[in-house]
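Participant: Have a look at the structure that comes next, please.
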Amino acid sequence: MSDNRLPEEGDRIAKLLARAGVASRREIERMIAEGRVALNGKVLDTPAVKLDNLNGVTVDGKPVGKAQETRLFAFHKPAGMLTTEYDPKGRTTIYDALRNALPKDAGRVMPVGRLDYNTEGLLLLTNDGEVKRAMELPATGVPRTYRARAFGDVTQAQLDELIEGVEIDGIRYGQIEANLERGSGRNRWIEMTLREGKNREVRRVLEHLGLEVNRLLRIGYGPFHIGDLPRGRATEIKRGDVEAFKRELARGFRK
């Protein structure tokens, strides 16, 4: 007698597909709801299916390769470039640069979070949708560090108050560590570390303090830093460092 029951051991299918670089776990759950994922020809209607491997799994009718080891790349995104695969207006995207910047065997990679069109600096890319999602979640508390050049008057005392967070136009921004770099004049550099990464957070917080941001760079994301990586270039992060980071990510960065 045949047994058509689905397996009850292994990892959830969304987790395996995310590890295979198909998409983030949340996106995969949406794809399952849309009837785009099948197992041995049977369209799945739940993300609760558990599997040991991806044998027999198809997405949009195409077989999925086995889950790959997590790879992580650091890319120095220049200003004037969109963090997207395609722009209907024909503007330059990160993938235009990544075609030459990434190694030929990089496969499909996804950006971890986004950098605005005019924001430059460190952009991490991975083939692991599960890691991507975990790094982006505000609840995980992965620190992001920026340097902002801003025009206007501000004191260190004002910046120190951001450690308690701030509410702007009904949106609550959590703890921010901000330091005014030495210098004179009304164009000053400010280094800021935050753990939520809400849309345009750095610009909105500094504008709230009466400053005009005229240059913004992300220099760190978690334990990874841009260092002297040239603009428009990418480098792969060592596998040992990636595995150590995944263990730290699983524990959570918030203390």
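So the sequence shown is numbered by my numbering: it starts at 89 and just counts up by one.
Heads up, the beta-carbon is just placed ideally off N, CA and C, and yes, glycines get one too.
Note that the coordinates shown come from a computational prediction; the quantities given were computed from them, not determined experimentally.
Leaving out five residues on either side along the sequence, give the residues of the same chain with a beta carbon under 7 Å from the beta carbon of Y183.
Facilitator: Along the sequence shown, one-based indexing puts residue 183 at 95. Closer than 7 Å at Cβ, skipping near neighbours: E173.
Participant: So what's V399 in DSSP terms, helix, strand or just coil?
Facilitator: Nothing about residue 399 can be reported from this structure: the residues present for the chain run from 89 to 343 only.
Participant: Confirm, please, whether the CB-CB distance from L297 to H164 is below 8 Å.
Facilitator: For the purposes of this step, residue 164 is taken as residue 76 along the sequence shown, with counting starting at 1. For the purposes of this step, residue 297 is taken as residue 209 along the sequence shown, with counting starting at 1. Taking 8 Å as the Cβ cut-off, H164 and L297 do not qualify as a contacting pair.
Participant: Would you say the segment 146–163 touches the segment 322–332, given that touching needs at least three Cβ pairs under 8 Å?
Facilitator: Cβ pair count under 8 Å is three or more, so yes.
Participant: Please name the residue or residues paired with N267 in a DSSP beta bridge.
Facilitator: The residue given as residue 267 occupies position 179 in the sequence shown. Per DSSP, E279.
Participant: Where do the N-terminal and C-terminal ends of the alpha helix (DSSP H) with G217 fall, by residue?
Facilitator: Locating residue 217 in the sequence shown gives position 129, counting from the first residue. Run containing G217: G217 to E224, per the alpha helix (DSSP H) assignment.
Participant: Touch check for the segment 180–196 and the segment 125–145: three-plus C-beta pairs under 8 Å?
Facilitator: Short answer: they don't touch.
Participant: So, using beta-carbon positions, are R162 and I325 closer together than 8 Å?
Facilitator: Along the sequence shown, read from residue 1 onward, the residue named residue 162 stands at position 74. Along the sequence shown, read from residue 1 onward, the residue named residue 325 stands at position 237. The question names Arg, yet the displayed sequence has Ala at residue 162. Against a cut-off of 8 Å, the Cβ pair of I325 and A162 comes out as a contact.
Participant: Applying the 10 Å Cβ sphere with the 16-neighbour rule, what's the burial state of R107?
Facilitator: For the purposes of this step, residue 107 is taken as the residue at position 19 of the sequence shown. With 16 or more Cβ atoms within 10 Å of its Cβ, R107 is classed as buried.
Participant: Exposed or buried, A222, counting other C-beta atoms within 10 Å across all chains shown (16 or more means buried)?
Facilitator: Start at 1 with the first residue of the sequence shown, and residue 222 comes out as number 134. Result: buried.
Participant: Count the other C-beta atoms from every protein chain shown that fall within 10 angstroms of the C-beta of R291, then say buried if there are 16 or more, exposed otherwise.
Facilitator: As a first step, residue 291 is located in the sequence shown; it is residue number 203 there, counting from the start. Classification for R291: buried.
Participant: Which one of L294, G310, R124 and Y309 has the shortest CA to CA distance from R303?
Facilitator: Residue 303 sits at position 215 when you count from the first residue of the sequence shown. Of the candidates L294, G310, R124 and Y309, the one whose C-alpha sits nearest the C-alpha of R303 is L294.
Participant: Does the count of Cβ pairs from the segment 121–129 and the segment 137–146 closer than 8 Å reach three?
Facilitator: The segment 121–129 is in contact with the segment 137–146.
Participant: Of the choices R288, K150, L212 and R237, whose alpha-carbon is the least far from that of E279?
Facilitator: Residue numbering aside, residue 279 sits at position 191 when the sequence shown is read from its first letter. When only C-alpha atoms are compared, the closest one is R237.
Participant: Starting from the C-beta of N206, find all residues in its chain whose C-beta is less than 8 Å away, skip the five residues before and the five after it, and write them out in chain order.
Facilitator: Within the sequence shown, residue 206 is the residue found at index 118, counting from 1. Result list for N206: A167, G168 and L304, in chain order.
Participant: Between the Cα of G229 and those of R235, A136, G209 and Y261, spot the shortest distance and give me the residue it belongs to.
Facilitator: Position 141 of the sequence shown, counted from the first residue, corresponds to residue 229. Comparing Cα-Cα distances from G229 to each of R235, A136, G209 and Y261, the minimum goes to Y261.
Participant: Who does V125 pair with in a DSSP beta bridge?
Facilitator: Reading the sequence shown from its first residue, position 37 is the one you call residue 125. Bridge partners of V125: V147.
Participant: Between R306 and L203, which are expected to be in contact by the criterion C-beta below 8 Å, what is the C-beta distance as a whole number of angstroms?
Facilitator: Position 218 of the sequence shown, counted from the first residue, corresponds to residue 306. Position 115 of the sequence shown, counted from the first residue, corresponds to residue 203. Indeed, because the Cβ distance is near 6 Å, the residues count as touching under 8 Å.
Participant: Can you tell me where the alpha helix (DSSP H) holding L289 begins and where it ends?
Facilitator: The residue labelled residue 289 in the question sits at position 201 within the sequence shown. The sequence shown places Glu at residue 289, not Leu. That run of the alpha helix (DSSP H) goes E289 to H296.
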